[in-house]
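Chemist: Numbering follows the UniProt record's numbering, with no gaps: position 75 of the sequence shown is 75. Cβ coordinates follow ideal geometry from the N, Cα and C atoms, glycine included. These numbers come from a predicted model, not from an experiment.
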Amino acid sequence: MRSAFFCCEKVDEVLFELDESNEMNLITSVKWSADGKFLAVGFKDGSLKLYDPHRTAPPNGKLELRTMKPPRQSRNGVLGWRGAVVSAGYQSGQIIHHDVRVAKHITGIWDGHEREVVGLHWSPNQTKLATGSGDNTVRVWDEGRLGSNTTESLFVLDDHVGSVRAVQFSNYKTSLLATGGGMQCKAIKLWNVNSGELLKSIDTGAAVNGIIFNSDYKEMMSAHACGKLVIWKHPNYNEIAKLSGRLPVLFNFI
Numbered sequence: 001m002r003s004a005f006f007c008c009e010k011v012d013e014v015l016f017e018l019d020e021s022n023e024m025n026l027i028t029s030v031k032w033s034a035d036g037k038f039l040a041v042g043f044k045d046g047s048l049k050l051y052d053p054h055r056t057a058p059p060n061g062k063l064e065l066r067t068m069k070p071p072r073q074s075r076n077g078v079l080g081w082r083g084a085v086v087s088a089g090y091q092s093g094q095i096i097h098h099d100v101r102v103a104k105h106i107t108g109i110w111d112g113h114e115r116e117v118v119g120l121h122w123s124p125n126q127t128k129l130a131t132g133s134g135d136n137t138v139r140v141w142d143e144g145r146l147g148s149n150t151t152e153s154l155f156v157l158d159d160h161v162g163s164v165r166a167v168q169f170s171n172y173k174t175s176l177l178a179t180g181g182g183m184q185c186k187a188i189k190l191w192n193v194n195s196g197e198l199l200k201s202i203d204t205g206a207a208v209n210g211i212i213f214n215s216d217y218k219e220m221m222s223a224h225a226c227g228k229l230v231i232w233k234h235p236n237y238n239e240i241a242k243l244s245g246r247l248p249v250l251f252n253f254i
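Here it is in structure tokens:
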């Protein structure tokens, strides 16, 4: 991605244009803050920029508030907000936490994955972070270590046989985590994050690129590389609906 756009009922503008001659300027991740006020944008060189698209542009036309860089250059592929802290997953396998309010923004580095972090999600109650990786594992981390450097996670969930891009906590059952494997795995795993127990494994027949939960109907939806969407019903998570056909490849949910 070489440019970022901000669109709503009153605004339709380009946040910024990138220097296409510099490959390190490629956008590799985007994430809105929970209140929708700020946008975090990650880049191939590992830098993380913070934008406020809602404010009036200053004379220089830039809506960028600040740039935050990791200790070493590494692609930033996934982002998650926890209050004023942006947790970023890197190609190096590290998760780095950036506090956007302070000059010394790195508050902790969690180093446990052996390959790139490709999935990341904070639990709705903000007490646990789940990360998926190209090393075929999911790690569950405790928020109590947010201000420190560590290699110790609460659990290492290693039942997948492929990379794990889809990582999502349930928004109606706090102990439930769903993870989805890639092309080599094609399975959704349901976990109890309080115990690390595998509750159910679902063979979906296609790479799982995204998972979301619907608290109103107590349902889970999965997005697949083959272009299909599937709805699964709590508590047994049996398939109840499928949308497929001429859909493009589905990479994730926003």
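Does DSSP put N238 in a helix, in a strand, or in coil?
Modeler: Three-state result, N238: strand.
Chemist: Can you tell me whether R145 is helix, strand or coil according to DSSP?
Modeler: The answer is helix: DSSP assigns R145 an H, G or I state.
Chemist: Taking the alpha-carbon of L198 as reference, which of N25, D158, W81 and A241 has the nearest alpha-carbon?
Modeler: For L198, the nearest C-alpha among the options comes from D158.
Chemist: Please report the straight-line C-alpha distance between T150 and T131, rounded to a whole angstrom.
Modeler: If I take the Cα positions, the gap works out to 14 Å.
Chemist: Is S220 helix, strand or coil by DSSP?
Modeler: Residue identity differs from the one stated: residue 220 is Met in this sequence, not Ser. Note: M220 maps to strand in three-state DSSP.
Chemist: According to the neighbour-count rule (16 or more other Cβ atoms, all chains shown, within 10 Å of its Cβ), is N125 buried or exposed?
Modeler: That one is exposed.
Chemist: Alpha carbon to alpha carbon, what distance is there between F213 and N76?
Modeler: If I take the Cα positions, the gap works out to 25 Å.
Chemist: With distance defined between alpha-carbon atoms, name the residue in W110, V118, L229 and P71 nearest to G162.
Modeler: The option with the nearest alpha carbon to G162 is V118.
Chemist: Find out if the Cβ-Cβ distance for the pair H234, V208 is shorter than 8 Å.
Modeler: Their beta carbons are not under 8 Å apart, which means H234 does not touch V208 by this criterion.
Chemist: Roughly how many whole angstroms lie between the Cα atoms of S47 and A88?
Modeler: Roughly 10 Å between the two C-alpha positions.
Chemist: Rank F43, S133 and V140 by C-alpha distance to the C-alpha of G182 and give the top, closest one.
Modeler: Comparing Cα positions, the closest option is S133.
Chemist: Using the Cβ count rule (16 or more neighbours within 10 Å means buried), how would you classify M220?
Modeler: It is buried - the Cβ of M220 has at least 16 other Cβ atoms within 10 Å.
Chemist: Do you know offhand how far E239's Cα is from V230's?
Modeler: Between E239 and V230, the C-alpha separation is close to 7 Å.
Chemist: Please return the same chain residues whose Cβ sits closer than 8 Å to the Cβ of K242, not counting the five positions on each side in sequence.
Modeler: Around K242: K228, L229, V230 and I231.
Chemist: Throw me the rounded Cβ distance for the L176 and L190 pair, which I believe falls under 8 Å.
Modeler: Contact flag correct, Cβ pair sits at about 6 Å.
Chemist: Could you give the distance in angstroms between the alpha-carbon of S33 and the alpha-carbon of V41?
Modeler: Approximately 11 Å, taken between the alpha carbons.
Chemist: Compare the C-alpha of N136 against each of I188, W122, S170 and V86 and name the closest.
Modeler: Ranking I188, W122, S170 and V86 by Cα distance to N136 puts I188 first.
Chemist: Report back the beta-carbon spacing between G147 and T107 to the nearest angstrom; my notes put them in contact at under 8 Å.
Modeler: The Cβ separation is near 5 Å, so the contact holds.
Chemist: What do you reckon, are the CB atoms on P70 and Y90 nearer than 8 Å?
Modeler: Yes, the pair counts as a contact, with Cβ atoms nearer than the cut-off.
Chemist: Is the beta carbon of H113 closer than 8 Å to that of V167?
Modeler: No, the pair does not count as a contact, with Cβ atoms beyond the cut-off.
Chemist: So, is L63 buried or exposed, given that buried needs 16 or more other C-beta atoms within 10 angstroms?
Modeler: Buried, by the Cβ-count rule.
Chemist: Start and end of the beta strand (DSSP E) containing Q184?
Modeler: Premise fails: Q184 is in no beta strand (DSSP E) and is neither H nor E.
Chemist: Can you pull the DSSP bridge partners for residue 262?
Modeler: Within the shown structure, residues of the chain are numbered from 1 to 254, placing residue 262 beyond reach of any answer.
Chemist: Within the continuous beta strand (DSSP E) that includes N136, where are the two ends?
Modeler: Taken as a continuous stretch (DSSP letters only), N136 belongs to no beta strand (DSSP E), as it is neither H nor E.
Chemist: For D52 versus L65, is the C-beta spacing smaller than 8 Å?
Modeler: The answer is yes: Cβ separation under 8 Å.
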